[in-house]
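Reading through the structure tokens given below for one structure.
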Amino acid sequence: MTRAMCVEARSEHQTARLFRLGAAACATSLAVFACGIASQARGDDAVNAVQAVDGLMAAGEFGAAADIAAQQPEAARGEMVKKIVDDRLQAGDVDGAKAVLPALGQSRDRVEATGQVARNQMTNGGANFSELIELIQTVTEGPWFDIDAEGGTMTPFTSGIKVDPNGVLARQAREESNHQVSHVRQQARAAHLNGDMAQPSALRLVSLTRLEKEVARRLAEGKPVVESMQNLAGLSHIQYVLLYPEQGEIVIGGPAEGWRYNEQGLPVGAVSQTPTLQLDDLVTVMRTFSPNGQTVFGCSIDPRQENLKAVKDFVADSQSRGALSPAGVRSWATKIGNLLGLQDITVFGVPGSSRVARVMVEADYRMKLIGIGKLDGGSQVPDYFELLAKNPGLASGNLDALRWWMTLQCEAVVHSPEKNAFEIRGAGVKCLSENQHLTASGERIATGKSEPVNQQFAANFTSHYEELAKKDPIFADLEGIFDLALVAAMIQNNQLDQRAGWDRGVFAANGEYRPASYATPKQTESVINHRVFNGQDVVLQVAGGVRGDAMAVLNDAAVNHESPRLGTVAQQAQAGELPANRWWWDAK
């Protein structure tokens with residue numbers, strides 16, 4: 000039911016009259032209307048209460064909507080408040096979201112105490128919504144807090160991509176994005192860190208076992224997981240994975256620095272602007288690479304067969320009639336987009352609502368937009384049509400079905416003889432390509448081959464990936480997730496957790512730590528474009544996705560090497576005397 004449909008009182012005539020009021024009269028009537036609904040809802044059933052809340056939200060009366068929610072039974076109350084908070088967060092109104100929380104009513108003292116932590120964190124740490132999300136989750140139960148993370152949604156600001164309530168992923172309109180950015184810009188600032196953590200470090204070590212212990216302690220005490228834990232002490236990449244069996248400790252290490260929040264609310268290095276690695280992502284991929292996990296993860300964006308057939312038939316018919324007139328190009332292109340319709344998004348190996356899934360899908364979508372010329376990739380990564388213009392003889396004059404996907408690449412994984420120390424060298428992201436055969440029925444058939452222009456785009460994307468990552472943080476974010484996937488695969492593949500006597504605690508698959516949940520992307524706008532070559536229209540449709548098969552990298556004999564010197568690195572990286580509860584340190 001849409002919001003416009005939801006705005007109703009006991010009389011349809013009253014509702015219609017309300018929306019005909021002028022601005023001044025509307026304010027007065029709305030107050031009376033809100034009070035009437037609030038009074039009436041006390042005696043109405045749950046359906047009417049939901050309609051009343053939806054109606055008041057549509058009218059902008061969020062306080063009155065919260066009042067009605069507060070009067071409902073506990074199960075329904077959480078759902079209603081969640082809906083109001085989601086609306087306020089998506090509108091960038093953090094204070095409005097917080098103001099609604101007392102309507103939960105489960106423990107006012109708990110709400111106020113934890114809320115003060117969230118407010119302080121927001122004030123000192125920039126546009127970071129994690130504490131507010133943690134607050135809502137700790138005082139609310141119900142479907143939104145399901146252990147399978149398939150319930151409701153808490154979505155902070157995005158970077159030019161949005162997922163609507165129906166799961167449709169799309170680019171944000173410029174004015175929509177600018178509205179959010181202007182709000183975040185007012186809050187973006189350096190994170191509130193102690194002096195040591197704010198300093199850049201060539202090698203910062205994080206003990207996963209100590210970190211898990213501290214996270215477990217905070218969860219047991221009802222406290223939120225602090226910002227430094229969420230950002231893994233500012234790590235931007237992983238270079239080492241170290242096992243200390245005598246101490247029962249697993250340590251990861253790499254470059255790190257203090258961070259700030261950029262205009263999209265993403266924590267990035269204060270100097271490098273590289274996104275910090277996230278605890279949520281680490282726990283997500285650790286659960287993928289676990290005894291009962293799928294040990295591979297990824298996503299795919301694919302067109303529907305029946306829609307591809309319709310496009311193929313339309314293009315063939317169009318070509319038989321000769322070249323398009325300039326006046327007919329726009330309507331012709333619109334027709335193609337309408338015929339192809341939405342494309343389906345599939346996520347596997349990780350929850351569809353996880354941040355890992357969101358980053359993969361967004362990175363994949365943006366890569367495809369670059370490839371078809373709808374997003375600028377820079378001078379070093381020309382789109383497919385720009386490359387085809389240099390070789391117009393390769394233009395087919397048909398519907399070209401291409402497949403592009405990103406996967407993990409690694410130059411080497413070096414380990415000590417005892418496999419207690421591992422070094423990751425040259426880890427990154429590579430783009431692969433394939434030309435697909437499109438049958439008369441619209442079925443895409445893998446060919447295992449890629450024509451030269453298709454190969455060139457993928458090669459350029461891979462060669463200049465670091466430049467793309469500096470320009471667009473989503474690509475750097477994907478790199479970080481692949482780093483963490485290698486760590487998780489190493490732990491599982493070499494039984495580091497068992498050798499350390501660590502059961503993974505709250506990070507385990509059934510552990511109490513629950514990563515934040517986001518809107519699950521299920522469909523996306525069509526990834527399609529066209530150009531004219533040799534008097535014929537070339538229509539380009541792209542499928543593909545992301546594949547994080549870290550186990551395949553670790554099991555590749557050409558990648559794995561032994562090095563006795565890594566034992567020395569492990570000794571030098573050991574923690575000295577640390578303060579109580581300290582879980583990170585910088586190598587000397």
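Heads up: the sequence shown begins at 0 in numbering that gives the first Met the number 0, then just goes up one per residue.
Ideal Cβ positions, reconstructed from N, Cα and C, are used throughout, including at glycine.
Bear in mind the structure is a predicted one, so any value in this text is a computation, not a measurement.
Residue j beta carbon less than 7 Å from that of residue i
i: V452; j: L387; result: yes
i: Y260; j: P254; result: no
i: Y512; j: V214; result: yes
i: G297; j: R546; result: yes
i: G372; j: D382; result: yes
i: A411; j: R424; result: yes
i: V541; j: V558; result: no
i: G80; j: A96; result: Here the sequence assigns Val to residue 80, which means Gly is not the residue at that position. Their beta carbons are not under 7 Å apart, which means V80 does not touch A96 by this criterion.
i: K311; j: L437; result: yes
i: A572; j: L204; result: yes
i: E211; j: F481; result: no
i: W403; j: G441; result: no
Range covered by the alpha helix (DSSP H) that runs through residue i
i: G566; result: 565-571
i: N492; result: 472-492
i: F384; result: 383-388
i: D53; result: 45-57
i: D502; result: Run containing D502: none; DSSP gives neither H nor E here.
i: D279; result: 278-287
i: D195; result: 194-197
i: N459; result: 451-462
i: L393; result: Looking at the DSSP string, L393 is not in any alpha helix (DSSP H), and its letter there is neither H nor E.
i: G335; result: Reading off the sequence shown, one finds Ile at residue 335, where the question assumed Gly. Looking at the DSSP string, the run of the alpha helix (DSSP H) that includes I335 is 328-339.
Presumed contact (8 Å Cβ cut-off) between residue i and residue j, rounded CB distance
i: F421; j: V224; result: Actually they do not touch by this definition, with Cβ atoms about 27 Å apart.
i: E256; j: S271; result: 6 Å
i: D301; j: D363; result: Wrong, their Cβ atoms sit about 11 Å apart, outside the cutoff.
i: V346; j: V360; result: 7 Å
i: D471; j: R365; result: 7 Å
i: A569; j: N434; result: Not really, about 47 Å apart at Cβ, beyond 8 Å.
i: A484; j: V284; result: 5 Å
i: T523; j: L168; result: 4 Å
i: A475; j: T273; result: 5 Å
i: A508; j: G292; result: 7 Å
i: W501; j: T208; result: 5 Å
Endpoints, the beta strand (DSSP E) within which residue i is located
i: F347; result: 342-347
i: V428; result: 427-437
i: L445; result: Position check: residue 445 holds Ala in this sequence, whereas Leu was assumed. First-last of the beta strand (DSSP E) with A445: 443-448.
i: E561; result: 559-561
i: L424; result: Checking the displayed sequence, the identity of residue 424 turns out to be Arg instead of Leu. From DSSP, the beta strand (DSSP E) with R424 extends over 420-424.
i: V250; result: 248-255
i: V240; result: 239-243
i: V205; result: 200-206
i: D496; result: D496 -> not in any beta strand (DSSP E); alpha helix (DSSP H) instead, spanning 495-498.
Helix, strand or coil at residue i [DSSP, three-state]
i: W403; result: strand
i: E262; result: coil
i: N127; result: The predicted position of N127 is uncertain, since its pLDDT is 39 and thus under 50; a value taken from the coordinates is nonetheless stated next. DSSP places N127 in coil when its eight states are reduced to three.
i: G351; result: coil
i: E73; result: helix
i: P578; result: coil
i: T27; result: Annotation note: pLDDT 31 at T27 (below 50); position unreliable, coordinate value reported separately. It is helical.
i: Q408; result: strand
i: G233; result: helix
i: R303; result: coil
i: G376; result: coil
i: A187; result: Confidence is the limiting factor: at A187 the pLDDT is only 42, short of 50, which leaves the residue's position unreliable, though a coordinate-based value still follows. Three-state result, A187: coil.
i: G654; result: Because the chain in this structure spans residues 0 to 587, residue 654 falls outside the shown range and cannot be described.
i: Q522; result: strand
i: D585; result: strand
i: R530; result: strand
i: V310; result: helix
i: G292; result: coil
i: V270; result: coil
Selected residue, minimal CA-CA separation from residue i, among the options
i: M405; options: N337, N459, N554; result: N459
i: M56; options: A74, Q71, V84; result: V84
i: D585; options: E60, R76, I251, A215; result: I251
i: L407; options: I335, M550, A269; result: M550
i: R530; options: I335, F288, G264, I423; result: I335
i: R357; options: L477, I490, V552; result: L477
i: L202; options: T208, R216, L234; result: L234
i: Y243; options: L401, Q318, R498; result: R498
i: D548; options: K212, L338, F288; result: F288
i: C430; options: K222, K82, Y464; result: Y464
i: E561; options: E450, Q454, S415; result: S415
i: L231; options: L278, E211, E220, A45; result: L278
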